[in-house]
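Trainee:
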Amino acid sequence: MARHNPSAPPESVISIIAPGMQIVGDCQTEGTLRVEGSVEGSIFAGKAVVVGEAGRVIGDITTQDAVISGRVAGNLVIGSRLELQSTSVVEGEVHARRIQVEEGTLLNGSVHIGETDGSTLTHEGQSDSEEQQLPIDAGSWHRPVVAAPKR
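In this note's numbering, the protein residues as written are 14 to 164.
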């Protein structure tokens with residue numbers, strides 16, 4: 014369900030997973046993906062990913078910029094800027110060049126800020142230097158999430 018303009022470059026197209034829509038499988042776009050429904054699978058977007066307050070993702074997200082207001086159970090590999098809004102719940106490993114976290118965000122996992130050894134994002138959902146994926150237990154999706162303890 015994307016706005017389609019034949020003359021628009023692919024990266025300017027916004028694809029929308031609407032409320033009530035459920036996608037099972039990986040999603041890939043050269044532009045921006047907005048998730049207001051649910052996705053069970055990895056997401057790769059060349060430009061940006063927006064997970065709305067009602068949005069749910071069980072899988073990894075790889076993109077340049079991301080704004081998360083809903084729930085994500087998976088690893089985030091963000092080439093530029095990640096914004097975690099106050100309603101967001103994230104379980105997984107986060108890699109981002111820059112990150113903004115609003116008060117109220119629930120984050121359970123590790124956070125790596127800055128360059129990722131000069132690597133670039135790939136369509137496989139991993140940075141060139143990232144080979145390890147953390148297993149995500151979908152059964153834990155409904156358990157309450159608490160902030161990770163400081164090390």
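Note that beta-carbon positions come from the ideal geometry of N, C-alpha and C, so glycine has one too.
Would you mind stating whether Ala-67 and Ile-91 have Cβ atoms separated by less than 8 Å?
Mentor: No; because the gap between Cβ atoms is not below 8 Å, this pair is not in contact.
Trainee: Just checking my contact of Val-80 with Glu-96 at CB under 8 Å: how many whole Å lie between their CB atoms?
Mentor: Val-80 to Glu-96, Cβ: 5 Å. Contact.
Trainee: Kindly indicate the opening and closing residues of the beta strand (DSSP E) around Asn-121.
Mentor: Unbroken beta strand (DSSP E) run through Asn-121: 119-121.
Trainee: Using DSSP with H/G/I as helix, E/B as strand and the rest coil, what is Ser-93?
Mentor: Note: Ser-93 maps to strand in three-state DSSP.
Trainee: Report, in whole angstroms, the separation of the C-beta atoms of Ser-101 and Thr-75, which I expect to be a contact under 8 Å.
Mentor: Between Thr-75 and Ser-101 the Cβ distance is about 17 Å, and since that is not below 8 Å, they are no contact.
Trainee: Please classify Glu-137 as buried or exposed, where buried requires at least 16 neighbouring CB atoms within 10 angstroms.
Mentor: Confidence at Glu-137 is low in this model, with a pLDDT of 47, below 50, so the placement of that residue is unreliable and no value is reported for it.
Trainee: If you draw a straight line from the C-alpha of Ser-51 to the C-alpha of Gln-113, how long is it?
Mentor: Going from the Cα of Ser-51 to the Cα of Gln-113 covers about 24 Å.
Trainee: Between which residues of its own chain and Val-158 is the CB-CB distance below 7 Å, once the five residues before and five after are set aside?
Mentor: With a pLDDT of only 43 at Val-158, under 50, the local geometry of the prediction cannot be trusted, and the value read off the model is given with reservation. Answer for Val-158: Val-102, Glu-104, Leu-119, Asn-121, listed in chain order.
Trainee: Tell me the DSSP secondary structure of Ser-25 in three-state form.
Mentor: The answer is helix: DSSP assigns Ser-25 an H, G or I state.
Trainee: Our contact map puts Ser-28 next to Gly-44 with C-beta atoms below 8 Å; I'd like the distance itself, whole angstroms only.
Mentor: About 7 Å; that satisfies the 8 Å criterion.
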